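Protein chains: 2
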Amino acid sequence: MDLLLTAANAALLVAHDLRRDSECILILLGPPDPTRTIRLLGNQLQFYGPDIRGNAGLIRKALRHGSRLERETSPGVFASRRGLSEVLEASTEPIVQLREGGKDIRSVELPHDVSFVLSDSVDLSEDEEAIVAGRRVAVCSVGPRSLHASDAIAIVHNELDRRYPG
Amino acid sequence: MDLLLTAANAALLVAHDLRRDSECILILLGPPDPTRTIRLLGNQLQFYGPDIRGNAGLIRKALRHGSRLERETSPGVFASRRGLSEVLEASTEPIVQLREGGKDIRSVELPHDVSFVLSDSVDLSEDEEAIVAGRRVAVCSVGPRSLHASDAIAIVHNELDRRYPG
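Quick note, the sequences are listed as chains D and X, same order.
So that you can map any letter, position 134 of the first sequence is 134 in this note's numbering, and since no number is skipped, the others follow by simple counting.
Each number in this note's numbering comes from the position in the second sequence (counting from 1) with 1000 added on.
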């Protein structure tokens, strides 16, 4: 859970504020009761900050909503049972996959509005890879080393911040 | 503390391993009993991983050592009462300061062995700035936005990974 929350922070926070133009979608596949999807919307979050333990409370509250239908469980926090395929269908296009062995992110054209899919420390399964392959426009890599999701997200944001400052 | 531990993770970890050639030095100035300096050595750490709460235990143990003299409190974890000036004196040169308004890190020549100084969400004091100014060779910035320390560290590592792969 720490890895996920750290990744969410990298996706949603700058030094003293939220990234109001970012959305972070966590797809939780682990026990006890998968699949759960939690969307965190930077422009609507109110009780979200750098403190991992505080954010864990928001996630726990979201997980208490076990219905298929999405519901806002705290300001800017939306919970449902959507899976990868449904999430990708509803995601802003183009969709770029991040993983080892992709094209260097620095050499790829990226529009201002773009979605990135990446896994935590466990690689995507064959089925998940197939689902992503059906929606993505490119596979990109952030550099020569295999990194934690949070570090990869920080690097991607930096790339977009440089291309679209302000 | 979460911010510091997240920053230490960005400094010391890649996907499934430690960065064996990295060292992370935390200078803790807050109550109840400052100044405390904790050095984490990537090539010697044994009980360090992505879990923030696990690492917090190593830090708490290190903080129980309140003497000026540095001592190894766990494998790869060294505690002392050294302050900024002593830490910089013992740091690998060149020393590069990271903060807003510096030269773009992508355009600066960086050797393989280099130290970076950066602050958490509170900027350096005037006195601290003066100490750093006396030792640094450059002030660099990672991009156009003001970021959390962990994200800045991830971006700097990526820059070095690209220049010195393998």
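Ideal placement from N, C-alpha and C gives every residue a C-beta, glycine not left out.
Remember, predicted model here, so these are calculated numbers, not experimental data.
Item, Value
"Rounded C-alpha distance that separates residue 101/D from residue 1107/X", "25 Å"
"CB contact flag (residue 156/D, residue 88/D, <8 Å)", "no"
"The beta strand (DSSP E) enclosing residue 1036/X, as first and last residue numbers", "1036–1041"
"C-beta atoms of residue 38/D and residue 77/D nearer than 8 Å", "yes"
"Under the three-state DSSP convention, the category residue 1073/X falls into", "strand"
"Beta carbon of residue 1161/X nearer than 8 Å to that of residue 99/D", "no"
"Under 8 Å by beta carbon: chain X residues contacting residue 18/D", "None at all; the shortest Cβ gap to chain X is about 12 Å."
"Nonlocal neighbours in the same chain, by C-beta distance under 8 Å from residue 1029/X, ignoring five residues either side", "1035"
"Spatial neighbours of residue 1056/X in its chain, beta-carbon cut-off 8 Å, leaving aside the 5 residues before and after", "1001 and 1005"
"Residue 12/D at chain X interface by Cβ criterion, 8 Å", "no"
"CA-to-CA distance, residue 1026/X to residue 1095/X, given in whole angstroms", "16 Å"
"Residue of 1050/X, 1149/X, 1125/X and 1163/X minimising C-alpha distance to residue 1118/X", "1149/X"
"Selected residue, minimal CA-CA separation from residue 3/D, among 120/D, 45/D and 127/D", "120/D"
"Extent of the continuous beta strand (DSSP E) run through residue 1115/X", "1115–1117"
"Own chain residues within Cβ distance below 8 Å of residue 9/D, not counting five before or after", "50, 52, 55 and 150"
"Alpha-carbon to alpha-carbon, residue 140/D and residue 1075/X", "37 Å"
"Whether residue 1043/X touches residue 1064/X by CB criterion (8 Å)", "no"
"Per-residue contacts from residue 148/D into chain X (C-beta, under 9 Å)", "1009, 1010, 1013, 1014, 1015, 1050 and 1154"
"Beta-carbon proximity list for residue 1023/X, same chain, < 6 Å, skipping 5 on both sides", "1041"
"Helix, strand or coil at residue 99/D according to DSSP, with G and I counted as helix", "strand"
"Cβ of residue 1002/X within 8 Å of any chain D Cβ", "yes"
"Counted within 10 angstroms of its Cβ, other Cβ atoms place residue 159/D as buried (16 or more) or exposed", "buried"
"Neighbour flag for residue 144/D against chain X, beta carbons, 8 Å", "yes"
"In DSSP terms, what residue 104/D is bridged to", "141/D"
"Counterpart residues of residue 1028/X in DSSP-defined beta bridges", "1036/X"
"CB contact check: residue 99/D to chain X, cutoff 8 Å", "no"
"Among 1071/X, 1013/X and 1070/X, the one whose alpha carbon lies nearest that of residue 1047/X", "1013/X"
"Residue nearest to residue 1007/X in terms of C-alpha spacing, selected from 154/D, 165/D and 163/D", "154/D"
"Three-state secondary structure (DSSP) of residue 1002/X", "helix"
"Residue-chain proximity (residue 1162/X, chain D), Cβ-Cβ < 8 Å", "yes"
"Interfacial residues, the segment 1121–1138 of chain X to chain D, with Cβ spacing under 9 Å", "1121"
"Local conformation of residue 81/D per DSSP, three classes", "coil"
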